[in-house]
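Each residue of the sequence shown is one higher than the one before, counting from 8 in the working numbering.
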Amino acid sequence: MDLRANFQALFYPESVALIGASNQRNKWGYRILDNIITGGFKGKIYPINYKEKEIHGLKAFSSLKEVPDPIDLAVIVVPVRSVPETFEACIEKGVKAAILITAGFGEIGNEGKRLEEALTVRAREGGIIFTGPNCNGLMNRGIRLHAQMISLFPKRGPISMVTQSGNIGTSILARGIRNGLGFSKYVSSGNEALLRNEDIIEFYGEDPETEIIITYLEGVKNGQRFFEVCKKVALKKPILVMKAGRTRGGARAANSHTGSIAGPDEIFDAGCRQVGVLRCESLDELFDLAAALTRQPLPRGPRVGIVTSGGGWGVLASDACEKRGLDVTPISERSISELGRFLPPWWSKGNPIDLVAGMNNRNEVFEACISILFKNDEVDSIMLLGIGLILEQKRKKGYTLDETEKKMMDAEMKIADTILGLLDRYKRPIITATDLNMHENPYENPLFKKLREGGVLVYSDPDRAAAVISAMYRRYQYSRRSKSYAV
């Protein structure tokens with residue numbers, strides 16, 4: 008069965024039938040329909056329910072057979088016992104793709120596995136592809152399709168995601184919305200009875216609206232094909248993977264969650280390195296890296312310049328960089344001399360560059376430092392630590408700022424323009440981190456908001472910043488090995 012022929016119906020349907028639609032607001036059949044409508048889908052929508060005449064203001068049909076028009080995509084949210092006959096109805100109607108939301112298959116044991124296998128065989132015979140079972144839906148922002156259980160509507164952007172876990176996908180989409188990141192497509196693959204993680208990755212690899220691919224998985228059913236697909240796609244686009252089930256406990260949990268068998272972690276890890284997949288250790292790392300890749304250029308070497316408003320964070324950053332194979336390189340006497348014109352006599356005269364708490368009210372100082380390091384080709388990337396003032400927190404609590412503090416606040420807001428300008432000028436990454444993320448809500452801080460609007464996130468500590476730089480450098484190294492990838 009040629010899966011590619013049916014992907015158009017899955018991702019770009021002109022008509023969607025929701026089988027199991029409901030007028031009861033606490034039912035998934037209502038909430039999914041509400042998301043399709045609220046999301047702004049412009050195609051035809053057909054609620055299917057044998058009891059209702061109208062659902063959510065739309066004419067309801069008692070069965071697929073009653074629908075007078077062709078159906079591209081079926082979203083199935085019926086009890087597990089009704090799924091086989093529903094599949095038969097889809098095949099009879101000529102439906103090309105389906106999203107099987109219903110749970111109660113391979114994840115619950117042998118009986119469920121047998122039912123899941125029988126459905127897969129019948130789907131192949133009937134020429135229909137499907138995601139799931141036990142999934143929470145699909146999104147395509149390009150056509151405003153939100154055939155999903157979750158009421159999240161991110162802005163349109165370059166990131167596409169496939170995840171075996173619906174709530175992990177929900178978490179990443181929610182973070183994206185809070186941080187202003189844009190998504191192109193999202194697939195919850197669930198038990199992956201027919202369409203598997205690698206099938207979606209392969210589609211994303213050819214999708215012109217996808218630039219960055221992120222995935223969460225709990226097991227790989229066909230390791231050879233998974234890595235073959237990733238190798239081909241990673242030549243063109245970065246693939247970020249978080250795989251759970253590293254431990255015995257995690258493997259047991261994965262099996263009961265999506266019926267996945269988590270294989271030896273060392274083998275998976277080695278496979279990722281060989282084919283250029285960027286494996287992430289946590290959701291924080293996965294999200295941080297995806298965010299950086301949307302705006303930041305790739306570092307063309309391992310040399311990191313650390314510019315910090317305090318010495319302690321510079322030490323932590325040095326450890327974090329060295330631990331991840333990066334080089335906190337010494338800087339030349341020429342650059343030390345040039346830097347000395349902007350810094351007090353007692354500055355550190357090395358890398359890290361300690362600005363002695365002078366970053367936030369002397370914008371020109373850190374701008375000059377970064378410019379000197381890049382202009383003299385001392386480093387390939389900058390880690391900028393400690394931006395932001397706690398004055399914003401005081402202002403929000405009703406504290407009246409004096410004239411000096413107001414000037415400091417004005418200078419702070421110029422930091423965002425300076426960072427974005429340096430990125431555009433030198434085409435080298437500037438990764439920022441500050442502990443103000445722990446002092447206050449980072450989503451409300453005006454400086455951080457301005458940076459987010461420019462596509463730059465501010466991380467909460469040097470370790471997260473170092474993880475991003477290291478992964479971006481690995482991406483650069485892999486892309487250089489491919490003649491077909493333009494760096």
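The C-beta atom is built at its ideal place from N, Cα and C for all residues, glycine as well.
| query | result |
| --- | --- |
| I'd like the span of the alpha helix (DSSP H) that includes P453, first residue to last. | P453 to E460 |
| Would DSSP call F160 helix, strand or coil? | coil |
| Given a cut-off of 8 Å, decide if N198 and N141 are closer than it, judged by their beta-carbon atoms. | yes |
| State the beta-bridge partners of I360 as determined by DSSP. | V314 |
| Go ahead and label S263 buried or exposed: buried means 16 or more other beta carbons lie within 10 angstroms of its beta carbon, across all protein chains shown. | Summary for S263: the model assigns pLDDT 47, below 50, so the residue's position carries little reliability; its value from the coordinates is reported in the next sentence. S263 should be labelled exposed. |
| Three-state secondary structure (DSSP) at E61? | strand |
| Just confirm the distance between the C-beta atoms of L17 and A104, as a whole number of angstroms; I'd bet it's less than 8 Å. | 4 Å |
| Can you check which of these residues, P215, L25, S191 and V322, is closest to H63 by C-alpha distance? | L25 |
| Can you tell which of I106, D272, L430 and G113 has its C-alpha closest to the C-alpha of L152? | I106 |
| With 16 other CB atoms within 10 Å as the buried threshold, where does W353 fall? | exposed |
| Over what stretch of residues does the beta strand (DSSP E) that includes T45 continue unbroken? | Where T45 is concerned, there is no enclosing beta strand (DSSP E), although the alpha helix (DSSP H) it sits in stretches over W35 to G46. |
| Using 8 Å for Cβ pairs, my map puts E21 next to G47. What's the rounded Cβ distance? | About 15 Å; that fails the 8 Å criterion. |
| For D529, which option in M479, E114, E209 and M420 has the closest C-alpha, if you only look at C-alpha atoms? | This structure cannot settle anything about residue 529, because the visible part of the chain is limited to 8 through 494. |
| Can you give, in chain order, each stretch of the beta strand (DSSP E) that sits fully within the region 165–211 and has at least 3 residues? | 189–195 |
| Keeping to the same chain, check which residues put their C-beta closer than 7 Å to that of W35; ignore five residues upstream and five downstream. | V84, I108 and M156 |
| Tell me the DSSP secondary structure of K434 in three-state form. | coil |
| L202 and T138 look like a contact to me (Cβ under 8 Å); what is the Cβ gap, rounded to whole Å? | 5 Å |
| Is S191 near R232, with beta carbons less than 8 Å apart? | no |
| Count the other CB atoms within 10 Å of the CB of D384; is the residue buried (16 or more) or exposed (fewer)? | exposed |
| Quick test of your reading: I394 and T441, contact by CB under 8 Å. State the CB separation rounded to the nearest angstrom. | 5 Å |
| Is it the case that the region 312–320 contacts the region 269–283, given that we only count it when at least three CB pairs across the two stretches are under 8 Å? | no |
| Of all the options L285, A67, S316 and G357, which has the alpha carbon lying nearest to the alpha carbon of R481? | L285 |
| Residues in the same chain with beta-carbon distance under 6 Å from L224, minus the five sequence neighbours each way, listed in chain order, please. | Q171, N204 and K250 |
| Report yes if the CB atom of R348 is closer than 8 Å to the CB atom of F381, and no otherwise. | no |
| Does DSSP put L143 in a helix, a strand or coil? | It should be noted that the sequence gives Asn, not Leu, for residue 143. Three-state DSSP puts N143 in coil, outside helix and strand. |
| Can you tell me where the alpha helix (DSSP H) with I391 in it begins and where it stops? | A small fix is needed here, since residue 391 is Leu in this sequence, not Ile. Premise fails: L391 lies in the beta strand (DSSP E), S388 to L392, not in any alpha helix (DSSP H). |
| Secondary structure at T546, three-state DSSP: helix, strand or coil? | No answer is possible for residue 546: it lies beyond the span of the chain, which begins at 8 and ends at 494. |
| Which ranges would you report for the alpha helix (DSSP H) in the region 103–135 if only whole runs of at least 4 residues count? | 117–133 |
| Check this for me: beta carbons of A473 and R302, under 8 Å apart or not? | no |
| Do G283 and K239 come within 8 Å of each other at the CB atom, strictly closer than that value? | no |
| DSSP state of I78, grouped into three classes? | coil |
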